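Trainee:
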Amino acid sequence: MPEASSDRVTADVVVIGGGLIGAASAWRLAVAGLDVAVVVGEPGAGASRVAAGMLAPVSETTFTEEALLALNLASMRRYPEFVAEVSQASGLPSGFRPGPTISVAYNADDAARLGVLADYLSRLGLESQRLTSREARGVEPLLAPTIRGGLLVPGDASCDNRVLLDALAVAGDRAGVRTVPGFVHHVVTAADRVTGVVLADGSPITAGAVVLANGAWAGQITGIPPVPVRPIKGQILRLDPGRFPQPGVVVRAFTRGTEVYLVPRDGGRELVVGATVEELGFDHRVTAGGVYELLRDARLAVPMSSEYVLAETSVGYRPGTPDNAPVLGHGGMDGLVLATGHYRNGVLLTPVTADIVAEVVLHDRVPAVAEPFGLARFVRSLQIGVASELKETHT
Ligand code: GLY
48 MPEASSDRVT ADVVVIGGGL IGAASAWRLA VAGLDVAVVV GEPGAGASRV AAGMLAPVSE
108 TTFTEEALLA LNLASMRRYP EFVAEVSQAS GLPSGFRPGP TISVAYNADD AARLGVLADY
168 LSRLGLESQR LTSREARGVE PLLAPTIRGG LLVPGDASCD NRVLLDALAV AGDRAGVRTV
228 PGFVHHVVTA ADRVTGVVLA DGSPITAGAV VLANGAWAGQ ITGIPPVPVR PIKGQILRLD
288 PGRFPQPGVV VRAFTRGTEV YLVPRDGGRE LVVGATVEEL GFDHRVTAGG VYELLRDARL
348 AVPMSSEYVL AETSVGYRPG TPDNAPVLGH GGMDGLVLAT GHYRNGVLLT PVTADIVAEV
408 VLHDRVPAVA EPFGLARFVR SLQIGVASEL KETHT
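Per this note's numbering: the sequence shown = residues 48 to 442.
Printed below as a string of structure tokens:
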């Protein structure tokens, strides 16, 4: 336990975490007139700078996750207005790039899988269009001639997450958000209500509300009910196309049973290729195998990508939860607000999460869109799990 320091900071709200979710929430709260302090540990260490910035609620739809799909679509609908506001408030570009996204298949099995996805999307009433190989290459001429067809999703877009994060930092700064460097050690409570946080160096920050927005590290804060978030490692690459052409649209590819995505940036300056999904905890190693597989699969979909320069390799940690959906709303004690567990959808869910946080902090109200994502769902499933285990043991 750190020793207390006498340098006391006070704020209406402390936001733990300066990634996209924390920065957007802090900005919204400051614009609403609150005095907001954001505690930022290691700038750039979180998923917000590492991610590719795909906004793919439809292309990344996963079977049985319809509740999450509804939240993802709600956030996607807010994106154009959200980025316009961020740009206006910061005077900076937002990094938003409208769709479409194209998904393609490499072999017959991959094509069958794409077909199953297309049928599922159509049953859900989501807009997508099956394409022959020739049609897919009409949309994106850099696709390999050997691909077995594609699926066009007009609404799925992308946003350069680094550009957006920089713009949000300036917008927050202009609205009066204070950045406090450091790591939160624990949340302080009195009579079941939060009264602030203490940093690892012992400095306290007194506040009436605390927003937990530190992604994969959310489970490490003590003094609060446990939040079931674990880090899910992703290795990701940034390629520099140089003088070579790069895809004009986001390309997702099923390649021999694995998945890869290629996300181009405006002006042809960067192609982001991602990402591995690894249950390895906070393992920061970029591995030869991880890089090899991403480059191999990118090349199968877009052969031209082999000509690009490998400009950056990085590792990020997705904040995963037991059901892959975020944890939003009340945190089990007065004044504690949860905004974490966004897993594969952090960039996409930034606008809706910031609105939810603002609603909970300002009006003590959980909006309907956030209701399925409370912490209580895990408490319930834990109780059911324990109860059935006990029953099995005693019968
Ligand atoms: N949504 C992309 C990823 O998590 O890799």
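Cβ atoms here follow ideal geometry from the backbone N, Cα and C, with glycine treated the same way. Since the model is a prediction, treat every value here as computed from it, not as a measurement.
Taking the C-alpha atoms as reference points, what is the distance between leucine 318 and arginine 96?
Mentor: Those two C-alpha atoms are separated by around 15 Å.
Trainee: Anyone know if the C-beta pair for threonine 226 and valine 235 falls short of 8 Å?
Mentor: Not a contact, by the Cβ cut-off of 8 Å.
Trainee: How about methionine 123: is its Cβ closer than 7 Å to a heavy atom in the ligand GLY?
Mentor: Outside the cutoff, so no.
Trainee: Since valine 394 and asparagine 208 are thought to touch, with beta carbons under 8 Å apart, how far apart are those beta carbons, to the nearest angstrom?
Mentor: Contact holds; Cβ gap of about 5 Å.
Trainee: Drop a sphere of 10 angstroms on the beta-carbon of threonine 179, count the other beta-carbons inside from all chains shown, and report buried for 16 or more, exposed for fewer.
Mentor: Classification for threonine 179: exposed.
Trainee: Examine the ligand GLY and report whether any of its heavy atoms sits within less than 7 Å of the Cβ of arginine 299.
Mentor: No.
Trainee: Kindly identify the DSSP beta-bridge partner or partners of valine 227.
Mentor: Per DSSP, Val86.
Trainee: Does the beta-carbon of glycine 321, which I'm using as the reference point, lie nearer than 7 Å to any heavy atom of the ligand GLY?
Mentor: Correct: glycine 321 has its Cβ closer than 7 Å to the ligand GLY.
Trainee: Would you check if there are 3 or more beta carbon pairs closer than 8 Å linking the segment 309 to 324 to the segment 283 to 292?
Mentor: With the cut-off at 8 Å, the segment 309 to 324 and the segment 283 to 292 touch.
Trainee: Have a look at the DSSP bridge pairing and note the partners of proline 278.
Mentor: Proline 278 is bridged to Pro366.
Trainee: Could you pull out every residue in the same chain whose Cβ sits closer than 8 Å to the Cβ of tyrosine 355, ignoring the five residues on either side in sequence?
Mentor: So the list reads Leu286, Asp287, Pro288, Gly289, Phe291, Gln293, Leu318, once near-sequence residues are dropped.
Trainee: Is arginine 277 near the ligand GLY, in the sense that its beta carbon is under 7 Å from a heavy atom of that ligand?
Mentor: No, since every heavy atom of the ligand GLY falls outside the 7 Å radius drawn around the Cβ of arginine 277.
Trainee: Which partner residues does glutamine 176 have in the DSSP bridge list?
Mentor: For glutamine 176, which the question treats as bridged, DSSP gives the partners Leu199.
Trainee: Hey, how far is the Cα of glycine 378 from the Cα of tryptophan 264?
Mentor: Spanning the two alpha carbons is a distance of roughly 16 Å.
Trainee: Label tyrosine 153 either buried or exposed according to how many other C-beta atoms from any shown protein chain fall within 10 Å of its C-beta, with 16 as the threshold for buried.
Mentor: Buried, because 16 or more other Cβ atoms sit within 10 Å of the Cβ of tyrosine 153.
Trainee: Please state whether the Cβ-Cβ distance between alanine 401 and alanine 92 is less than 8 Å.
Mentor: No, the pair does not count as a contact, with Cβ atoms beyond the cut-off.
Trainee: The ligand GLY and glutamate 325: does the residue's C-beta get closer than 7 Å to at least one heavy atom of that ligand?
Mentor: No - the ligand GLY has no heavy atom lying nearer than 7 Å to the Cβ of glutamate 325.
Trainee: In the DSSP assignment, find the unbroken alpha helix (DSSP H) run with alanine 218 in it and report its ends.
Mentor: Element bounds for alanine 218: 208 to 222.
Trainee: Spatial neighbours of aspartate 344 within its chain, please: CB distance less than 7 Å, with the 5 preceding and 5 following residues excluded, ordered by chain position.
Mentor: The residues are Ala300, Thr302, Thr305, Val307.
Trainee: To the nearest angstrom, report how far apart glutamine 176 and asparagine 371 are at their CA atoms.
Mentor: Those two C-alpha atoms are separated by around 27 Å.
Trainee: Helix, strand or coil for serine 361? Go by DSSP, reduced to three states.
Mentor: Correct three-state label for serine 361: strand.
Trainee: In or out: glycine 80 buried (at least 16 other Cβ within 10 Å) or exposed?
Mentor: Exposed is the call here.
Trainee: Is the closest heavy atom of the ligand GLY to the C-beta of alanine 214 under 7 Å?
Mentor: Not under cutoff, so the answer is no.
Trainee: Does at least one heavy atom of the ligand GTP sit under 7 Å from the Cβ of glutamate 340?
Mentor: Summarising the ligand content, the structure contains the ligand GLY and does not contain the ligand GTP.
Trainee: Just to confirm my understanding: we take leucine 116, look at its own chain, exclude 5 residues before and 5 after, and list those with CB closer than 6 Å. What are they?
Mentor: Closer than 6 Å at Cβ, skipping near neighbours: Thr108.
Trainee: Kindly identify the DSSP beta-bridge partner or partners of phenylalanine 143.
Mentor: Answer by DSSP bridge pairing, in chain order: Cys206.
Trainee: Got a sec, what are the start and stop residues for the alpha helix (DSSP H) glutamate 306 sits in?
Mentor: No alpha helix (DSSP H) holds glutamate 306; the beta strand (DSSP E) holding it covers 305 to 311.
Trainee: Would you check if the segment 194 to 207 and the segment 138 to 153 touch, i.e. whether three or more CB-CB distances between them fall below 8 Å?
Mentor: At 8 Å Cβ cutoff, the stretches touch.
Trainee: Is the shortest distance between the beta-carbon of alanine 214 and the beta-carbons of chain C less than 8 Å?
Mentor: In summary, chain C is missing from the structure at hand, where a single protein chain is found.
Trainee: Buried or exposed: proline 228, going by 16 or more other Cβ atoms within 10 Å of its Cβ?
Mentor: Result: exposed.
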